[in-house]
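Below is one structure, written out as structure tokens; the observations come after it.
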Amino acid sequence: MARDASQARLTLREADAATVLPLLAPVAQYDTTGGIDSLERMAVSGRAFVIEQDGAPVCAYLLERHGREAFVTAAAGAAGVCLTDLLAELIEAQAVGLDSIAFQTRRRGLIRKAIAKGYRVAGHVKNGTIMRKELQ
Numbered sequence: 001m002a003r004d005a006s007q008a009r010l011t012l013r014e015a016d017a018a019t020v021l022p023l024l025a026p027v028a029q030y031d032t033t034g035g036i037d038s039l040e041r042m043a044v045s046g047r048a049f050v051i052e053q054d055g056a057p058v059c060a061y062l063l064e065r066h067g068r069e070a071f072v073t074a075a076a077g078a079a080g081v082c083l084t085d086l087l088a089e090l091i092e093a094q095a096v097g098l099d100s101i102a103f104q105t106r107r108r109g110l111i112r113k114a115i116a117k118g119y120r121v122a123g124h125v126k127n128g129t130i131m132r133k134e135l136q
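The letter at position 35 of the sequence shown is residue 35 when you use UniProt numbering, and the numbering goes up by one with no holes.
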């Protein structure tokens with residue numbers, strides 16, 4: 001008997017760059033650095049995480065700490081995985097004790113979803129929009 005997605009077992013683990021880079025490959029098409037930075041460098045300089053569903057990787061993301069803020073430098077997921085919902089909860093738990101969470105995006109749909117999750121537009125830059133959520 002098939003289980004629905006709400007019954008799937010999700011696990012989060014820290015991973016190395018070699019593990020997350022293939023999962024993050026789709027992010028390259030939305031580069032917000034203008035070619036100045038690379039996923040490879042971000043994966044090495046930040047902390048990399050993989051989310052697995054029933055043992056299979058379904059998403060990966062990179063976090064860097066910028067002062068009192070957790071900054072998501074890259075995130076990508078498998079088809080059918082709502083990263084906005086999944087990451088909102090996980091990253092907030094990882095950012096306990098910090099003042100905010102932020103990310104930069106060029107994706108309008110992601111901006112709308114993030115606003116619905118309590119983020120605000122914190123600024124516009126040449127290669128995208130900075131989204132920020134203040135933590136309680």
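In this text, a Cβ means the ideal position worked out from N, Cα and C, and glycines have one as well.
- Message: With distance defined between alpha-carbon atoms, name the residue in GLN94, ASP16, LYS113 and ASP54 nearest to SER45.
- Response: ASP16
- Query: Where does the unbroken beta strand (DSSP E) through SER38 begin, and where does it stop?
  - Reply: Looking at the DSSP string, SER38 is not in any beta strand (DSSP E), and its letter there is neither H nor E.
- Query: With DSSP run on the structure shown, which of helix, strand or coil describes GLY109?
  - Reply: helix
- Message: Below 8 Å on the Cβ atoms is my contact criterion, and I expect ILE130 with ALA102 to pass it. Report the Cβ-Cβ distance as a whole number of Å.
- Response: 6 Å
- Classify LYS126 as buried or exposed, calling it buried when 16 or more other Cβ atoms lie within 10 Å of its own Cβ. exposed
- Task: State the beta-bridge partners of LEU135 as determined by DSSP.
- Result: Answer by DSSP bridge pairing: none, since LEU135 is not bridged.
- Just to confirm, are ALA28 and LEU39 a CB contact at a threshold of 8 Å? yes
- Exposed unless 16 or more other CB atoms sit within 10 angstroms - verdict on ALA25: exposed
- Report, in whole angstroms, the separation of the C-beta atoms of ALA43 and LEU62, which I expect to be a contact under 8 Å. 6 Å
- Query: Mind checking whether GLU14 and ARG47 have CB atoms under 8 Å apart?
  - Reply: yes
- Start and end of the alpha helix (DSSP H) containing GLN53? From DSSP, GLN53 is part of no alpha helix (DSSP H) but of the beta strand (DSSP E) over 47-53.
- Query: How is TYR61 classed by DSSP in three states: helix, strand or coil?
  - Reply: strand
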